[in-house]
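These notes concern the structure reproduced below.
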Amino acid sequence: MLDIKNLSVSYGAIDAVKGISLHVDDGEIVSLIGANGAGKTTTLHTITGLVPARSGSIVFNGQDLLKTKANKIVTLGMAHVPEGRHVFTRMSVQENLEMGAYSLKDTSHVAEDLDKVYTYFPRLKERRRQLAGTLSGGEQQMVAMGRAIMSRPNTILMDEPSMGLSPKLVKEIFRIIEKLHEEGITVLLVEQNAKMALSIADRAYVLETGRITMEGKASDLLHDEKVRKAYLGA
Amino acid sequence: MSGFVMFISQIFNGLKIGSVYALVALGYTMVYGIIRLLNFAHGDFIMIGAYTLMLSIPALAAMGMPAWTAVIPATLVCALVGVLVERLAYKPVREKGNSMTALITAIAMSLLLENGSQAIFGADYKTVPTIVSIPTLTIGQLKIDGATIVSIVLGVVMMVAMQLYVKRTKQGKAMRAVSEDKEASLLMGINVNGTITLTFAIGSGLAAIAALMYCVSYPQVSPTMGMMLGLKAFVAAVLGGIGSIPGAMVGGLAIGLIESLTKAYIGTITGGVITSAFSDAIVFAILIIVLLVRPSGLMGEPETEKV
Ligand SMILES: Nc1ncnc2c1ncn2[C@@H]1O[C@H](COP(=O)(O)OP(=O)(O)OP(=O)(O)O)[C@@H](O)[C@H]1O
Ligand SMILES: [Mg+2]
Numbered sequence: 001m002l003d004i005k006n007l008s009v010s011y012g013a014i015d016a017v018k019g020i021s022l023h024v025d026d027g028e029i030v031s032l033i034g035a036n037g038a039g040k041t042t043t044l045h046t047i048t049g050l051v052p053a054r055s056g057s058i059v060f061n062g063q064d065l066l067k068t069k070a071n072k073i074v075t076l077g078m079a080h081v082p083e084g085r086h087v088f089t090r091m092s093v094q095e096n097l098e099m100g101a102y103s104l105k106d107t108s109h110v111a112e113d114l115d116k117v118y119t120y121f122p123r124l125k126e127r128r129r130q131l132a133g134t135l136s137g138g139e140q141q142m143v144a145m146g147r148a149i150m151s152r153p154n155t156i157l158m159d160e161p162s163m164g165l166s167p168k169l170v171k172e173i174f175r176i177i178e179k180l181h182e183e184g185i186t187v188l189l190v191e192q193n194a195k196m197a198l199s200i201a202d203r204a205y206v207l208e209t210g211r212i213t214m215e216g217k218a219s220d221l222l223h224d225e226k227v228r229k230a231y232l233g234a
Numbered sequence: 001m002s003g004f005v006m007f008i009s010q011i012f013n014g015l016k017i018g019s020v021y022a023l024v025a026l027g028y029t030m031v032y033g034i035i036r037l038l039n040f041a042h043g044d045f046i047m048i049g050a051y052t053l054m055l056s057i058p059a060l061a062a063m064g065m066p067a068w069t070a071v072i073p074a075t076l077v078c079a080l081v082g083v084l085v086e087r088l089a090y091k092p093v094r095e096k097g098n099s100m101t102a103l104i105t106a107i108a109m110s111l112l113l114e115n116g117s118q119a120i121f122g123a124d125y126k127t128v129p130t131i132v133s134i135p136t137l138t139i140g141q142l143k144i145d146g147a148t149i150v151s152i153v154l155g156v157v158m159m160v161a162m163q164l165y166v167k168r169t170k171q172g173k174a175m176r177a178v179s180e181d182k183e184a185s186l187l188m189g190i191n192v193n194g195t196i197t198l199t200f201a202i203g204s205g206l207a208a209i210a211a212l213m214y215c216v217s218y219p220q221v222s223p224t225m226g227m228m229l230g231l232k233a234f235v236a237a238v239l240g241g242i243g244s245i246p247g248a249m250v251g252g253l254a255i256g257l258i259e260s261l262t263k264a265y266i267g268t269i270t271g272g273v274i275t276s277a278f279s280d281a282i283v284f285a286i287l288i289i290v291l292l293v294r295p296s297g298l299m300g301e302p303e304t305e306k307v
């Protein structure tokens with residue numbers, strides 16, 4: 001369970017997140033939607049320690065994440081698939097996936113987990129020796145997700161996994177997110193593709209210029225007039 | 001000595017000094033790769049390594065140890081100085097300033113190390129005791145002295161070892177990850193600051209081994225001995241493609257060969273118009289030409305654009 005209370009984050013004089021509270025219960029898919037610059041990425045970056053908070057609290061399974069070093073957070077079972085993928089371009093696909101298992105003390109499952117990732121993304125298996133920098137955007141997204149899976153997380157944060165992908169690939173990526181969910185992995189999903197995000201989520205939050213303006217069951221938000229106007233282009 | 005034998009022995013000379021450049025360039029390139037800093041103090045680590053050799057050889061001899069074991073304290077001292085320079089000077093500047101501040105800090109550290117050792121040891125050359133005495137290898141007319149053999153063998157072993165370390169080991173992979181993307185590295189659970197410190201320790205330690213290789217042939221130390229060596233190694237790293245480990249090796253050996261062959265033949269080839277005194281200028285001219293043709297160096301990859 002991830003519990004965020006009154007979180008504020010600023011970059012110098014810019015207040016990016018202004019006192020938000022949200023929670024993700026075990027086994028849920030929760031979506032965080034909002035326009036460009038709303039503060040979605042900042043929120044995820046603060047959860048995994050890449051950006052410091054100004055005030056508020058972030059507690060994950062009883063651990064105070066604001067007091068946890070960024071590189072220790074993955075060891076608590078939280079993986080983060082960052083916006084823009086951030087694959088290691090000069091490493092092969094397989095090396096990238098192995099980096100995902102870097103934090104594991106017990107490495108006896110790495111081979112088996114690799115097989116699992118390759119069954120999720122058969123295309124990566126064909127390209128396992130290729131440098132990740134030479135992959136297409138969609139394939140890099142698969143590497144970034146596979147890398148997160150390799151850390152054996154119980155919770156995954158995903159930042160705009162559909163960005164820049166063809167509709168077909170978006171479907172494929174979302175199918176994998178649902179699969180992970182069925183395996184019991186908790187998901188916090190940041191998306192601009194609000195329609196897809198709301199259709200697979202249990203609950204959702206709407207973030208506008210650093211504040212949460214709406215929250216509720218994803219199916220309710222999907223039919224909400226204001227949400228439809230602002231985010232679903234209807 | 002026939003012309004051909006002379007040529008071969010010049011090749012060996014080039015490989016000997018080239019191995020020194022390659023090891024120093026390796027440290028340069030690793031540090032640049034991981035924090036994008038041209039560590040101008042890197043050449044001075046050779047000098048620190050050489051002084052440590054000078055002081056520890058008699059001390060170890062008194063304990064009945066062979067002189068070459070002095071490479072162990074030299075490596076440790078260099079690694080320690082490298083880590084201190086990084087932690088006390090570069091890290092605070094990296095977190096606060098910009099890349100220009102960092103560059104100026106590196107130049108300041110270089111001067112500090114040179115002036116510091118001058119204050120301690122004086123400005124004049126000091127002699128390093130004999131490190132190894134390996135007999136000269138004679139193949140027909142060709143004579144290769146022990147120092148050359150030691151340098152080339154040690155250089156090759158270190159280069160292969162570093163390549164394996166970076167490609168195969170967990171720490172080596174973490175180093176490559178951090179040099180590419182610090183945020184993603186943190187998300188993988190890599191201790192980024194620890195990895196940077198380790199890179200400095202290894203890079204500076206390599207300078208100590210380079211110092212040993214250098215002092216086997218030229219057993220002299222002075223506070224500024226690292227300046228020209230560091231500069232040549234920098235050229236080697238850029239020639240090979242700064243940030244590329246194989247590039248540093250190829251660049252180092254190439255600079256060594258170019259230098260040795262120009263020294264030997266440039267006078268004859270140009271009919272005395274250009275003398276061997278120009279060999280350093282020629283090294284730089286070749287660098288400029290290569291960079292005009294291949295801006296990212298011989299083995300460097302062009303910076304991949306970040307989205
Ligand atoms: N490193 C930074 N330095 C200064 N300001 C920043 C930085 N990162 C983000 N911001 C600002 O913080 C605000 C929130 O940005 P953030 O990236 O969190 O938005 P987002 O919701 O993820 O947007 P997008 O959908 O475009 O990814 C924006 O106004 C942005 O300009
Ligand atoms: Mg974003």
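Protein chains in written order, with UniProt numbering: chain A, 1 to 234; chain B, 1 to 307.
Idealized CB from N, CA, C, for every residue including glycine.
message: Short of 9 Å Cβ to Cβ, which residues in the segment 25 to 56 of chain A face chain B?
response: For the segment 25 to 56 of chain A, the set of residues with a beta-carbon nearer than 9 Å to any beta-carbon of chain B comprises His45, Thr48, Gly49 and Leu50, in chain order.
message: Can you check whether the C-beta of Gly91(A) is within less than 8 Å of a C-beta belonging to chain B?
response: One point to set straight first is that residue 91(A) is Met, not Gly, in the sequence displayed. It does: the Cβ of Met91(A) has a partner Cβ on chain B nearer than 8 Å.
- prompt: Is the Cβ-Cβ distance between Val59(A) and Ala204(A) less than 8 Å?
  reply: Val59(A) is not a Cβ neighbour of Ala204(A), given a cutoff of 8 Å.
message: Could you check whether the Cβ of Asp181(B) sits closer than 7 Å to any heavy atom belonging to ligand 2?
response: Incorrect: Asp181(B) has no Cβ contact closer than 7 Å to ligand 2.
message: Quick check: the segment 97 to 116 of chain A against the segment 200 to 220 of chain B, are at least 3 beta-carbon pairs closer than 8 Å?
response: At 8 Å Cβ cutoff, the stretches do not touch.
query: Using the C-alpha atoms, what's the distance from Ala132(A) back to Val307(B)?
result: Its pLDDT being 33, under 50, Val307(B) is placed unreliably by the model, and the measurement read from it follows with that caveat. Note on geometry: alpha-carbon atoms of Val307(B) and Ala132(A) lie some 14 Å from one another.
query: If Thr107(A) and Asn154(A) are in contact, beta carbons under 8 Å, what's the gap, nearest whole angstrom?
result: Contact flag wrong, Cβ pair sits at about 19 Å.
message: Assuming the contact rule is C-beta atoms closer than 8 Å, Leu23(B) and Val31(B) should be a hit. Round their C-beta distance to whole Å, please.
response: Not quite, the Cβ-Cβ distance comes to about 13 Å (not below 8 Å), so this is no contact.
field: Neighbour flag for Pro82(A) against chain B, beta carbons, 8 Å
entry: Yes, Pro82(A) counts as interfacial toward chain B.
Interfacial residues, the segment 88 to 115 of chain A to chain B, with Cβ spacing under 8 Å: From the segment 88 to 115 of chain A, only Phe88, Thr89, Arg90, Met91, Glu95, Glu98, Met99, Gly100, Tyr102 and Ser103 have a Cβ closer than 8 Å to chain B.
query: Near Arg85(A), what residues of its chain come up, given a Cβ to Cβ distance below 8 Å and the 5 sequence neighbours on each side ignored?
result: Excluding sequence positions up to five before and after Arg85(A), its CB lies within less than 8 Å of the CB of Gly137, Gln140, Gln141, Val143 and Ala144, all in the same chain and listed in chain order.
Pocket of ligand 2 (residues with CB nearer than 7 Å to any heavy atom), chain order: In chain order, the hits are Lys40(A), Thr41(A), Glu83(A), Asp159(A), Glu160(A) and Val190(A).
query: Taking just the CA atoms, how far does Leu44(A) sit from His80(A)?
result: Those two C-alpha atoms are separated by around 8 Å.
query: Rounded to whole angstroms, how far is the Cβ of Leu239(B) from the Cβ of Leu287(B), which I believe are closer than 8 Å?
result: The distance from the Cβ of Leu239(B) to that of Leu287(B) is about 5 Å, consistent with a contact at the 8 Å cut-off.
query: In its own chain, which residues sit with a C-beta less than 6 Å from the C-beta of Gln56(B), not counting the 5 before and 5 after it?
result: With the sequence shown as reference, residue 56(B) is identified as Ser, and Gln is not the correct amino acid for it. Sequence-distant Cβ neighbours of Ser56(B) in its own chain, meaning closer than 6 Å and more than five residues away, are Ala70 and Pro73.
field: Selection from Glu86(B), Ile282(B) and Ile274(B) that minimises the alpha carbon distance to Ile258(B)
entry: The residue from Glu86(B), Ile282(B) and Ile274(B) with its alpha-carbon nearest to that of Ile258(B) is Ile282(B).
message: Among Ala264(B), Gly256(B), Ile289(B) and Ile269(B), whose alpha-carbon lies nearest the alpha-carbon of Ala25(B)?
response: Looking from the CA of Ala25(B), the closest CA among Ala264(B), Gly256(B), Ile289(B) and Ile269(B) belongs to Gly256(B).
message: Using the three-state DSSP reduction, which class does Arg152(A) fall into: helix, strand or coil?
response: DSSP, reduced to helix, strand and coil, places Arg152(A) outside both helices and strands of the structure shown, so it counts as coil.
message: Using only the alpha-carbon positions, how far apart do Gly186(B) and Asn71(A) sit?
response: A small correction: the amino acid at residue 186(B) is Leu; Gly does not occupy that position in the sequence shown. Put simply, the backbone Cα of Leu186(B) is about 5 Å away from that of Asn71(A).
Cβ contact (3+ pairs, closer than 8 Å) linking the segment 120 to 130 of chain B and the segment 78 to 88 of chain B: A contact is defined here as three or more CB-CB pairs under 8 Å, and the segment 120 to 130 of chain B fails this definition with respect to the segment 78 to 88 of chain B.
Short CB-CB distance (under 8 Å) between Lys126(B) and chain A: Taking Cβ atoms only, chain A never reaches closer than 8 Å to Lys126(B), which makes this a no.
message: Within a Cβ cutoff of 7 Å, which residues of the same chain sit near Ala218(A), ignoring the five residues on either side of it in sequence?
response: The residues are Ser31, Leu198, Ala201, Asp202, Arg203 and Ala204.
- request: Please go through the same chain and pick out, in chain order, the residues whose beta-carbon is closer than 7 Å to the beta-carbon of Leu142(B), but skip the five residues on each side of it.
  value: Taken in chain order, the residues that qualify are Val5, Ile8 and Ser9.
- prompt: Where does Asp220(A) sit, in a helix, a strand or coil, going by DSSP?
  reply: Look at Asp220(A) here: in three-state DSSP terms it is helix.
task: Check whether the Cβ of Asn36(A) lies closer than 7 Å to any heavy atom of ligand 1, and answer yes or no.
output: Indeed, a heavy atom of ligand 1 lies less than 7 Å from the Cβ.
task: Could I get the ranges of all uninterrupted beta strand (DSSP E) runs contained in the segment 108 to 179 of chain B, with 3 residues as the minimum, in chain order?
output: Scanning the segment 108 to 179 of chain B from its first residue to its last, the whole beta strand (DSSP E) runs of 3-plus residues come out as 137 to 139 and 142 to 144.
query: What separation, rounded to the nearest whole angstrom, lies between the Cα atoms of Thr29(B) and Ala174(B)?
result: In this model, Thr29(B) and Ala174(B) are separated by some 16 Å (Cα to Cα).
query: Who are the Cβ neighbours of Thr148(B) in its own chain at under 6 Å, not counting the five residues just before and after it?
result: Excluding its 5 nearest sequence neighbours in each direction, Thr148(B) has C-beta neighbours in its own chain below 6 Å: Phe12 and Lys16, listed in chain order.
message: Counting only Cβ-Cβ distances shorter than 8 Å, please list the residues of the segment 222 to 233 of chain A near chain B, keeping chain order.
response: Within the segment 222 to 233 of chain A, no residue has a Cβ that lies closer than 8 Å to any Cβ of chain B.
Where Ala13(A) meets chain B, residues with beta-carbon distance less than 9 Å: Simply none; closest approach about 18 Å.
query: Taking the C-alpha atoms as reference points, what is the distance between Lys105(A) and Arg168(B)?
result: Going by the C-alpha atoms only, they are around 18 Å apart.
- prompt: What three-state label does DSSP hand Leu232(A) in the structure shown?
  reply: Of the three classes helix, strand and coil, the one that applies to Leu232(A) here is coil, per DSSP.
query: Using a Cβ-Cβ cut-off of 8 Å (strictly less than) and excluding sequence neighbours within five positions of Thr68(A), which residues of its own chain qualify?
result: Excluding sequence neighbours, Thr68(A) sits near Gly49 and Leu76.
query: Would you call the segment 109 to 122 of chain B and the segment 38 to 57 of chain B in contact, with 3 or more CB pairs under 8 Å?
result: At 8 Å Cβ cutoff, the stretches touch.
query: Asn6(A) touches chain B at which residues, Cβ-Cβ below 7 Å?
result: One finds nothing in chain B with a Cβ atom closer than 7 Å to the Cβ of Asn6(A); even the nearest lies about 25 Å away.
query: Excluding five sequence neighbours on each side, which residues of the same chain lie with their C-beta closer than 8 Å to the C-beta of Glu305(B)?
result: Note that Glu305(B) scores 37 on pLDDT, short of 50, meaning its location in the model is unreliable; the coordinates nonetheless yield the value given after this. Setting aside the 5 residues that flank it on each side, Glu305(B) has no residue in the same chain whose C-beta is closer than 8 Å to its C-beta.
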